[in-house]
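Structure first, commentary second.
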Amino acid sequence: MNPFQQNSQFDPAYQSIVFVSKEDILHSRFEFISDFLFFEADKNEVQIMSLNHKKCFGVGIENETNLSELKKIAKRFSYQFRKKLNSEPTQIVFSEFLSESQIKALLTGLFEGTYEIKSEQNEFEHPLWNSDVEIFMVQKNAKFDLINAAREVQMICEGKFLSMDLLNLPPNFKNSEILAEFVQNFAKEENLSIKILNAKECEQQGLNAFLAVNQGSAFEPAFIILEYKPQNPQKTVGLVGKCITFDTGGISIKPSENMHYMKSDMGGACAVLGTLLAVSKLKSPHHIIAVLPATDNAVNNNSYLPGDVISSFSGKNIEVINTDAEGRMTLADGLSYMKKEFNPEILIDIATLTGSAVRALGYKAAAMLTVSDDLAEKMSQTGYKTGEKVWRFPLWDEYLEDITSDVADLKHISLTPVADVIYAGKFLEQFTDHHPNWIHLDIAGVAFGKQEYSKDKSASGYGVELLTRFILELK
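For the sequence shown, numbering that gives the first Met the number 0 begins at 0 and goes up steadily by one.
Shown next as structure tokens:
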């Protein structure tokens with residue numbers, strides 16, 4: 000249900016959230032609320048006023064503010080005042096100075112600020128999810144369909160919240176067997192086609208790089224294939240998400256200090272599932288296929304070892320150097336399988352893959368590697384519009400020299416202690432069969448971190464809005 004309604008005039012029965020700038024005050028755009036003539040607030044500042052005995056929250060913005068910052072302003076406000084807003088019906092007011100993209104950014108922030116980690120104790124419902132919300136613009140003749148814009152934002156945020164819920168779950172609530180059951184139910188609810196290959200079926204298919212990672216696990220692997228297919232699809236997009244439900248590092252075991260955060264190593268898969276939810280609800284005209292090779296990376300007497308040579312679905316043999324570089328093993332089979340079985344026009348993989356991406360870009364952007372200048376530009380522009388930024392790294396053939404092997408076709412990591420974000424991308428490129436429209440997104444620094452809604456590190460939902468809007472804007 001879309002909770003938003005569009006009104007033509009201010010209703011004093013509602014408490015209101017008004018996004019107002021100095022231009023609005025200067026040009027008296029809010030004459031119908033006379034008190035706003037005295038409203039002064041810097042960007043990010045909130046003024047609370049009483050109008051007709053109802054609360055009015057004035058949120059200071061600047062019209063030239065970039066979209067990412069507008070989203071943060073609205074998100075911060077929504078989270079800070081969520082309990083006050085829960086007491087009465089709420090009205091959201093936008094001025095004519097704001098563009099469609101700016102209003103979408105503000106709406107997205109308002110929704111994102113409502114997120115709370117699910118628990119038995121948490122039954123809080125934010126007013127933005129109920130039917131007592133009205134939204135309108137000061138201008139009488141909006142230049143775009145405000146209600147559809149609000150609905151689009153809501154569906155994307157539902158996908159983002161699904162992604163965050165899954166990533167925030169404790170690892171014992173989402174091992175590969177539990178996840179497979181969840182995705183079965185998810186596919187049924189959203190009318191998606193689904194196929195899940197178990198260990199025996201994976202072996203028959205030759206998905207040996209994926210199975211190598213699963214060798215140390217106590218749980219059955221799940222090679223998950225999901226499809227959203229509308230009638231007469233325009234384009235075919237393949238999404239491959241890294242789905243390591245928990246990563247110990249395997250035999251090359253990680254330090255224990257921060258290992259509890261390794262429940263986040265399925266951030267790519269969560270982004271893909273959230274994207275599927277959003278595009279299906281928004282009735283995208285494109286055929287979307289998702290491949291999620293789900294397993295944990297654990298340790299037992301059967302674990303794969305540094306120095307092992309492993310075959311793959313593509314036919315290439317891989318020399319294992321470090322078992323903590325397991326994600327590129329599972330993605331190698333996922334990409335090869337996607338290319339051979341579906342051959343999508345656009346192929347995207349997304350993964351919490353390397354610490355190198357974090358060291359290069361910090362927590363502000365994802366690393367992007369692609370052979371397509373056109374798609375790189377489109378993804379970059381989508382990143383700026385959504386605030387989920389990407390930065391392109393090179394895929395020069397010189398990097399291939401450092402992942403050649405004496406005993407196999409490839410080493411899965413370089414022994415050079417730098418540029419691993421590039422080496423990982425170069426390795427994965429070898430399993431795309433030279434696909435001309437392939438993009439690799441390394442989201443290690445942006446999928447999981449400090450969030451307003453939680454005391455500890457938790458999910459950001461990064462990737463859902465980026466991928467969904469990228470797909471929606473394909474022509």
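All C-beta atoms in this analysis are idealised placements derived from N, C-alpha and C, irrespective of residue type, glycine included.
- Note that the C-beta distance between I412 and I349 is not below 7 Å.
- Pairwise C-beta distances place the stretch 197-204 out of contact with the stretch 258-268, as fewer than three of them are shorter than 8 Å.
- Under the three-state reduction of DSSP, I60 is assigned to coil, being neither helix nor strand.
- For S457 and G448, the gap between their C-alpha atoms comes out near 5 Å.
- Out of L334, T369, L275, S379, the CA that lies nearest to the CA of E188 is found in L275.
- Taken atom to atom, the span from the alpha-carbon of A104 to that of S67 is near 7 Å.
- A356 sits close to A366, with the two beta carbons spaced by under 7 Å.
- For the pair of segments examined, the stretch 460-471 was found not to touch the stretch 393-410: the number of CB pairs separated by less than 8 Å stays below three.
- Unbroken alpha helix (DSSP H) stretches of 4 residues or longer found wholly inside the stretch 218-290: 266-280, given in chain order.
- Setting aside the 5 residues that flank it on each side, V45 is surrounded in the same chain by F56, G57, V58, G59, F76, Q79, F80, each with a C-beta closer than 8 Å to its C-beta; the list follows chain order.
- A contact between stretches requires three or more CB pairs, one per stretch, nearer than 8 Å, and the stretch 422-438 meets this requirement with the stretch 334-342.
- Of the other Cβ atoms in all chains shown, 16 or more fall within 10 Å of the Cβ of P292; this residue is therefore buried.
- About 4 Å separates the beta carbons of S251 and D323, which is inside the 8 Å limit, making them a contact pair.
- Between D332 and A208, the gap from beta carbon to beta carbon is short of 7 Å.
- Taking all protein chains in view, the Cβ of N190 is surrounded by fewer than 16 other Cβ atoms within 10 Å, so the residue is classified as exposed.
- Put simply, of S453, K83, G248 the residue whose alpha carbon is nearest the alpha carbon of N167 is S453.
- In the structure shown, I442 falls within a coil segment according to DSSP collapsed to helix, strand and coil.
- A direct Cα-Cα distance of roughly 14 Å separates F430 from V370.
- Here R327 is buried: its Cβ has 16 or more other Cβ atoms, across all protein chains shown, within 10 Å.
- The criterion of a C-beta distance shorter than 7 Å is satisfied by T244 and K173.
- Per DSSP, the continuous alpha helix (DSSP H) segment holding L466 begins and ends at 463-471.
- DSSP, read as helix, strand or coil, puts Q46 in strand.
- A208: member of the alpha helix (DSSP H) spanning 207-213, first to last residue.
- By the criterion of at least three beta-carbon pairs nearer than 8 Å, the stretch 226-244 is in contact with the stretch 285-302.
- The beta carbon of L360 is closer than 7 Å to those of A366, W390, G444 in its chain, skipping five residues each way along the sequence.
- Within its own chain, the residues whose Cβ lies closer than 8 Å to the Cβ of A297, once the five positions on either side in sequence are excluded, are G215, S216, A217, F245, T247, G249, listed in chain order.
- Among the bridge pairs identified by DSSP, D348 is matched with V239, H439.
- Shown here for K228: same chain residues with a beta carbon closer than 6 Å to its own, the five before and five after excluded, namely H286 in chain order.
- Residue state for V92 is assigned as strand, using DSSP reduced to three classes.
- Taking a C-beta distance under 7 Å as the contact criterion, K70 and T107 qualify as a contact pair.
- Under the DSSP assignment, A366 falls in the beta strand (DSSP E) whose first and last residues are 365-369.
- Counted as a single uninterrupted DSSP element, the stretch harbouring N316 is not any alpha helix (DSSP H) but the beta strand (DSSP E) occupying residues 316-318.
- Under the three-state reduction of DSSP, V298 is assigned to coil, being neither helix nor strand.
- Taking the Cβ atoms as the reference, F426 lies roughly 6 Å from I402, within the contact range of under 8 Å.
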